[in-house]
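Residue numbers (the working numbering): 224 to 405.
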């Protein structure tokens, strides 16, 4: 069994499968806090940040199962902690390019088509890259916010999953964003 560190991470994600897998495979040796199910993510996140000395926030921008928007949660966090080096935020998003929003420190792409497929972030190099980013951000948050800009980590190109109905939209949007669309 891995020895727990004194580092504390706030994980704001609405998908229970992804929460479990990120806790187990990425954050196994960190102390992980998650908002109480059924309560406002924003309210709960601010409560946890007030009560605990959190070293890193991992935030899903697309909180599908709730009426909340991850950008609102991020904005509330940045109002309380405006200095990115004071509290780095790693953003989980469907398309990594969309994660460069005000207040984000870094991002990791997760692919989905309505139903979040946990293996997308945990397959191939995605899991190792996320572990590396989390470790680096804990150890040196300034490295991820030079000049106040977010550093983009796009693991989506290294993840292969079988197509499902609705994937054509995601593939088209990804190609457009990467300039590959005819």
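Beta carbons: idealized from backbone N, C-alpha and C, even for Gly.
For residue 255 and residue 232, believed in contact at Cβ under 8 Å, the rounded distance: Contact flag correct, Cβ pair sits at about 5 Å.
Those runs of the beta strand (DSSP E) which lie wholly inside the region 253-293 and span at least 3 residues: Correct list: 254-256 and 279-283.
Contact check, residue 258 vs residue 247, beta carbons under 7 Å: In this structure, residue 258 lies away from residue 247, with their beta-carbon atoms at least 7 Å apart.
Burial state of residue 278, where buried means 16 or more other Cβ atoms lie within 10 Å: Looking at its Cβ environment, which holds 16 or more other Cβ atoms inside 10 Å, residue 278 is buried.
Rounded straight-line distance, which links the Cα of residue 238 to that of residue 299: Going by the C-alpha atoms only, they are around 21 Å apart.
Between the CA atoms of residue 275 and residue 309 - distance to the nearest angstrom: Their Cα atoms are separated by approximately 14 Å.
Residue 314 to residue 280 span [Cα, whole Å]: For residue 314 and residue 280, the distance between alpha carbons rounds to 8 Å.
CA-to-CA distance, residue 242 to residue 304, given in whole angstroms: Put simply, the backbone Cα of residue 304 is about 24 Å away from that of residue 242.
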